[in-house]
Amino acid sequence: MSRKDEKRIPRAELEQTRQIALRMAENGASVAQIAAALDCGRSTVFGWIAAYRDRGPEALAVRSGTGRPPKLSGIQEARLYALLKKNPQQLEFDFGLWTRKIVADLIEREFGVSLSLPSVGRLLHRMGMSPQRPLVRAYEQNPDLVRRWKEETYPAIKEEAAAQDAVIYWGDESGVRTDYHSGTTWAPVGKTPVVIGTGKRLSVNMISAISSKGAIHFSLFGGSMTAAKFIEFLKQLLHDVSGKIFLVVDGSSAHTAKKVATFLASEEVGNRLRLFILPPYSPELNPDEWVWKNVKHDQIGKKVVRSLGELMGAAENALQRLQETPQIVRAFFADPSLRYITE
Numbered sequence: 002m003s004r005k006d007e008k009r010i011p012r013a014e015l016e017q018t019r020q021i022a023l024r025m026a027e028n029g030a031s032v033a034q035i036a037a038a039l040d041c042g043r044s045t046v047f048g049w050i051a052a053y054r055d056r057g058p059e060a061l062a063v064r065s066g067t068g069r070p071p072k073l074s075g076i077q078e079a080r081l082y083a084l085l086k087k088n089p090q091q092l093e094f095d096f097g098l099w100t101r102k103i104v105a106d107l108i109e110r111e112f113g114v115s116l117s118l119p120s121v122g123r124l125l126h127r128m129g130m131s132p133q134r135p136l137v138r139a140y141e142q143n144p145d146l147v148r149r150w151k152e153e154t155y156p157a158i159k160e161e162a163a164a165q166d167a168v169i170y171w172g173d174e175s176g177v178r179t180d181y182h183s184g185t186t187w188a189p190v191g192k193t194p195v196v197i198g199t200g201k202r203l204s205v206n207m208i209s210a211i212s213s214k215g216a217i218h219f220s221l222f223g224g225s226m227t228a229a230k231f232i233e234f235l236k237q238l239l240h241d242v243s244g245k246i247f248l249v250v251d252g253s254s255a256h257t258a259k260k261v262a263t264f265l266a267s268e269e270v271g272n273r274l275r276l277f278i279l280p281p282y283s284p285e286l287n288p289d290e291w292v293w294k295n296v297k298h299d300q301i302g303k304k305v306v307r308s309l310g311e312l313m314g315a316a317e318n319a320l321q322r323l324q325e326t327p328q329i330v331r332a333f334f335a336d337p338s339l340r341y342i343t344e
């Protein structure tokens, strides 16, 4: 939605429009359908969904118009935040890192707004971003396998699931430690703030499975994931979910072990559970990765945890919160990298 569109829509109606868009998304409408129904751009709808996924219902509220108006609207900032989660090369830039200059070029290209480099820096800082050393995606990822997964393999899985009345779940594991912290905190310039926690590096591991309808099932465990622990989670999933399950996971040894194959072929499972393996080195294809972003970065990473018991409690509370707010889980699937799942 352009600035002109925002000016012609009363503030109360703008908030209501956002709420309608989210309800339509929750009811299965595509981004294109929502944009057409509300007479706004698809990027605007993506921005609303991305903001809701990150901040929950408060992201739908229209902020009071105090102070000097920003050059980018809240909707545009949400859209920018979503775009910056991509690699610049995915957006047709030559460089692989987000510099202020490239961000400025992106803002001008997407929104028609020209910002100075200092203004871009302040904007990024206000959005909670800071200069960081990037993690490098494994060069072993095979682009052809990723393309085939999106265009051929997954559509076939989706079609078969519909024919068998099966629910598609996406599973993954992650861990979090007592010394993990995320986000930034304001402090005097030149004085690095210190978070008082425990000096011990205690950890808890988690496994979860989510569906595009907003369901989430999880389990906490100690030590590394093994085939035996994975099978226990599969048993829990079979107990909690009625009907057939298609579970998509990565190709870790715990998922592809002979023990797991034997379990899947057992009478205990029958024909209720099938496993599908994602292409190697492709976590961006799995919406369950957003669970860990939410749990670790948005929840646990902002707490001070001093013991393993507190860490386990924080992890369980964060995952239970997602169980109680399926709309947030559904919003995970709105990530542009996951568009292939719902199209």
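All you need for the working numbering is the position in the sequence shown, starting with 1, plus 1. Think of the CB as a built atom: it goes at the ideal place given N, C-alpha and C, for glycine as much as any other residue.
Alpha-carbon spacing of Phe222 relative to Leu23, whole angstroms: Their backbone Cα atoms lie some 34 Å apart in a straight line.
Those residues which DSSP pairs with Tyr53 across a bridge: Tyr53 pairs with nothing; no bridge assigned.
Residue range of the beta strand (DSSP E) that includes His218: Residues Ile217 to Phe222.
Residues sharing a beta bridge with Pro266, DSSP: Here residue 266 is Ala; the residue named in the question, Pro, does not match the sequence. Answer is none; Ala266 lacks a bridge partner.
Where Glu93 falls: helix, strand or coil (DSSP): Reduced to three states, the DSSP call for Glu93 is coil.
Residue from Lys297, Ala52, Leu61 and Ile108 whose Cα sits closest to the Cα of Ser204: Closest option to Ser204, Cα to Cα, is Lys297.
Cβ-Cβ separation, Arg19 to Leu61 (assumed contact under 8 Å), whole Å: Contact between Leu61 and Arg19 is confirmed by a C-beta separation of about 4 Å, below the 8 Å threshold.
Reduced DSSP secondary structure (H/G/I, E/B, other) of Met130: In the structure shown, Met130 falls within a coil segment according to DSSP collapsed to helix, strand and coil.
CB of Ser225 within 7 Å of CB of Ile208, strictly: No.
Boundaries (first-last residue) of the alpha helix (DSSP H) holding Leu320: Run containing Leu320: Leu309 to Glu325, per the alpha helix (DSSP H) assignment.
Contact the segment 144 to 156 vs the segment 123 to 130: 3+ CB pairs below 8 Å: Inter-segment contact for the segment 144 to 156 and the segment 123 to 130 is absent: fewer than three beta-carbon pairs are separated by less than 8 Å.
Exposure of Pro354, with buried meaning 16 or more beta-carbon neighbours within 10 Å: Because the chain in this structure spans residues 2 to 344, residue 354 falls outside the shown range and cannot be described.
Reduced DSSP secondary structure (H/G/I, E/B, other) of Lys245: Lys245 falls in the strand class under three-state DSSP.
Three or more C-beta pairs below 8 Å linking the segment 311 to 331 and the segment 264 to 274: Segments in contact, no.
Cβ shell of Asp6 (< 6 Å), same chain only, five flanking positions each side left out: Since pLDDT at Asp6 reaches only 46, below the 50 mark, its modelled position is unreliable, and no value is offered.
Helix, strand or coil at Trp99 [DSSP, three-state]: Coil, per DSSP.
contact_flag[the segment 36 to 52, the segment 73 to 84] where n(CB pairs < 8 Å) is 3 or more: Segments in contact, yes.
Per-residue DSSP class, three states only, for Thr193: Model confidence at Thr193 stands at a pLDDT of 43, short of 50, so the residue's coordinates are unreliable and nothing is read from them.
Nearest-angstrom Cα separation, counted from Glu174 out to Ser283: Taking the straight line from one Cα to the other gives about 14 Å.
Element boundaries [alpha helix (DSSP H), containing Ser254]: Segment Ser254 to Thr257, the alpha helix (DSSP H) holding Ser254.
Burial state of Ala188 (16 or more Cβ within 10 Å): Note on Ala188: pLDDT 38, under 50, position unreliable in the model; no value is reported.
Assigned exposure category for Ser308 - 16 Cβ within 10 Å defines buried: Around the beta-carbon of Ser308, fewer than 16 other beta-carbon atoms lie within 10 Å, marking it exposed.
Extent of the continuous beta strand (DSSP E) to which Leu276 belongs: Leu274 to Ile278 is the span of the beta strand (DSSP E), which, as asked, contains Leu276.
DSSP three-state assignment for Met207, whether helix, strand or coil: In the structure shown, Met207 sits in a strand (DSSP, three-state: E or B).
CB contact flag (Tyr170, Ile278, <7 Å): Not a contact, by the Cβ cut-off of 7 Å.
Nonlocal neighbours in the same chain, by C-beta distance under 6 Å from Ala255, ignoring five residues either side: Sequence-distant Cβ neighbours of Ala255 in its own chain, meaning closer than 6 Å and more than five residues away, are Met226, Thr227, Ala228 and Phe231.
Residue of Val104, Leu98 and Ala33 minimising C-alpha distance to Leu81: For Leu81, the nearest C-alpha among the options comes from Val104.
Length of the line joining the Cα atoms of Lys87 and Glu268: Cα to Cα, Lys87 sits roughly 44 Å from Glu268.
Sequence-distant residues of the same chain with beta carbon closer than 6 Å to Asn206, five excluded per side: These residues qualify, in order along the chain: Gly176 and Phe222.
Span of the alpha helix (DSSP H) around Val114: Run containing Val114: none; DSSP gives neither H nor E here.
Endpoints, alpha helix (DSSP H) assigned at Ala79: Element bounds for Ala79: Gly75 to Leu85.
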